[in-house]
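Take a look at the structure below.
There are 2 protein chains.
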Amino acid sequence: MSKAVVLLSGGLDSATMLAIARHQGFEPCAITFRYGQRHVVEIEAARRLVKTMDISEHLEVEFDLRAMGGSALTSSLAVPKGRSAAEMREGIPVTYVPARNTIFLSFALGYAESLKANHIFVGVNALDYAGYPDCRPEYIRAFESMARLATKSGVEGDEPLTLHTPLIQMTKSQIIACGLELNVDYSLTSSCYDPGETGLACGTCDACSLRLEGFRENGINDPVAYHS
Amino acid sequence: MSKAVVLLSGGLDSATMLAIARHQGFEPCAITFRYGQRHVVEIEAARRLVKTMDISEHLEVEFDLRAMGGSALTSSLAVPKGRSAAEMREGIPVTYVPARNTIFLSFALGYAESLKANHIFVGVNALDYAGYPDCRPEYIRAFESMARLATKSGVEGDEPLTLHTPLIQMTKSQIIACGLELNVDYSLTSSCYDPGETGLACGTCDACSLRLEGFRENGINDPVAYHS
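Protein sequence lines correspond, in order, to chains A and B. For what it's worth, my numbering labels the leading residue of the first sequence as 5, then goes sequentially. For what it's worth, my numbering labels the leading residue of the second sequence as 5, then goes sequentially.
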């Protein structure tokens with residue numbers, strides 16, 4: 005089996021992607037980031053998923069993006085609540101973290117190279133997160149082109165690196181339907197941007213709103229506990 | 005003055021580049037990485053340079069690449085000593101760190117975005133380090149293309165980001181000549197890959213060999229202290 009590095013935040017999307025990577029015949033090696041996010045509880049979710057899904061390799065990388073500022077996810081800026089789908093699609097949200105996906109993918113690239121893996125799975129989504137520049141298909145293709153030149157395998161002529169984005173054009177409802185088919189246990193996941201001290205999902209930030217709507221469209225209840 | 009993010013390791017090349025960025029009219033903002041390198045003494049050099057050259061912004065980012073393995077710079081693998089220039093140019097050396105420049109540039113990109121800076125200076129060199137895939141001009145151009153799509157400014161249509169690589173085609177001797185003209189104090193810098201517990205340069209690793217040869221070609225002594 006070929007190894008594939010899978011970016012695993014611990015949220016619904018990356019949990020589904022972990023199952024997709026395995027379903028496609030890869031041996032998934034997970035990478036998770038502790039970067040100063042206020043929703044650090046997602047890392048516990050990533051560990052639960054790795055354990056339950058019997059993933060043999062899991063690298064946790066730690067750094068602090070708070071010093072750079074500029075995002076509600078890594079500062080005391082308020083996380084927007086109760087926004088409609090239309091409002092979420094307007095402009096770049098305050099939850100955008102400067103260059104976050106580029107930083108994540110760069111570590112994934114180093115990890116892939118050290119594992120001699122030529123596949124990276126990243127759960128970006130161009131529909132729900134249309135406002136994030138680093139979730140767009142053209143960005144993903146540009147990163148892949150750069151990555152093919154960045155590493156030993158790019159020089160020594162092995163199989164070129166492939167960036168897989170299986171969720172990029174799926175709605176949240178389609179992602180959940182796909183995950184249920186692959187027996188993903190969504191009770192283990194954590195999506196909320198603003199879980200507070202209880203660790204329970206707030207139910208009203210963009211991530212919670214999209215998630216709740218996705219379960220509703222599948223006609224089932226979200227198995228995680230909500231604060232309200 | 006436009007701000008420019010300058011990758012500052014504390015070595016001879018990045019010290020020169022800091023002076024070049026200022027000479028070109030930019031306000032340099034330095035970024036330095038503590039990544040588990042065995043030559044962590046270079047960070048002290050970076051701080052000395054920032055202080056002496058009166059740089060107003062300096063971000064230090066910390067993460068650990070040792071968990072990924074695969075390089076003599078971040079493990080107990082032996083650093084090669086006493087190699088000729090021809091030997092250094094053969095293949096990819098064991099001091100190559102998987103995806104290191106991509107990781108460094110990604111953080112620089114986030115820092116630039118948070119500073120609203122559209123310029124990044126990186127001291128890659130395609131002559132001395134021909135064996136490093138992430139020092140090649142085609143890699144740099146690919147990173148720049150990706151970076152222009154990755155960030156807010158790429159979406160909102162500001163001035164596109166420019167990656168400056170003023171040293172890319174210069175020999176070590178030319179870099180030193182340029183730095184001397186700009187009054188760089190090379191006694192503050194640290195280049196050695198393997199300084200050991202004394203913190204003194206070893207004089208025989210690739211970095212020391214190239215540096216010593218560069219000073220010799222300029223007809224002057226390297227002002228840093230050597231172990232032997």
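Where is the CB? At the ideal position from N, CA and C, for every residue including glycine.
Within 7 Å (strictly less), CB to CB, does residue i reach chain A?
i                     : result
residue 24 (chain B)  : no
residue 110 (chain B) : yes
residue 12 (chain B)  : no
residue 32 (chain B)  : no
residue 91 (chain B)  : no
residue 103 (chain B) : yes
residue 40 (chain B)  : no
residue 199 (chain B) : no
residue 156 (chain B) : yes
residue 61 (chain B)  : no
In this structure, does DSSP put residue i in helix, strand or coil?
i                     : result
residue 106 (chain B) : helix
residue 236 (chain A) : Chain A is shown from 5 up to 232; residue 236 (chain A) falls before or after that span and cannot be answered.
residue 11 (chain B)  : strand
residue 81 (chain B)  : coil
residue 230 (chain A) : strand
residue 178 (chain B) : helix
residue 189 (chain A) : coil
residue 216 (chain A) : helix
residue 96 (chain B)  : coil
residue 196 (chain B) : coil
residue 114 (chain B) : helix
residue 5 (chain A)   : coil
residue 69 (chain B)  : helix
residue 144 (chain B) : helix
residue 270 (chain A) : Chain A is shown from 5 up to 232; residue 270 (chain A) falls before or after that span and cannot be answered.
residue 183 (chain B) : helix
residue 171 (chain A) : coil
residue 149 (chain A) : helix
residue 18 (chain B)  : helix
Give a yes or no on whether the minimum CB-CB distance between residue i and chain B is below 7 Å.
i                     : result
residue 67 (chain A)  : yes
residue 107 (chain A) : yes
residue 113 (chain A) : yes
residue 127 (chain A) : no
residue 147 (chain A) : yes
residue 78 (chain A)  : no
residue 96 (chain A)  : yes
residue 117 (chain A) : yes
residue 153 (chain A) : yes
Could you check how far apart the C-beta atoms of residue i and residue j are, in whole angstroms? I think they sit under 8 Å.
i                     : j                     : result
residue 240 (chain A) : residue 19 (chain A)  : Summary: the structure shown does not reach residue 240 (chain A), with chain A confined to residues 5 through 232, and so no result is reported for it.
residue 127 (chain A) : residue 21 (chain A)  : 5 Å
residue 100 (chain A) : residue 75 (chain A)  : 6 Å
residue 154 (chain A) : residue 78 (chain B)  : Going by Cβ atoms, the distance from residue 154 (chain A) to residue 78 (chain B) rounds to 17 Å, so no, they are not a contact pair.
residue 49 (chain A)  : residue 192 (chain A) : 6 Å
residue 40 (chain A)  : residue 70 (chain A)  : 4 Å
residue 183 (chain A) : residue 23 (chain A)  : 6 Å
residue 258 (chain A) : residue 47 (chain A)  : An answer regarding residue 258 (chain A) cannot be provided, because it is not within the stretch 5 to 232 covered by chain A.
With DSSP as the reference, identify every bridge partner of residue i, one or two as the case may be.
i                     : result
residue 166 (chain B) : B:123
For a cutoff of 7 Å on Cβ pairs, would you count residue i as touching chain E?
i                     : result
residue 164 (chain A) : Structure shown: chain E not included; protein chains present are A and B.
Please go through the segment 21–66 of chain A and give each complete alpha helix (DSSP H) segment of 4 or more residues, from N-terminal end onward.
45–56
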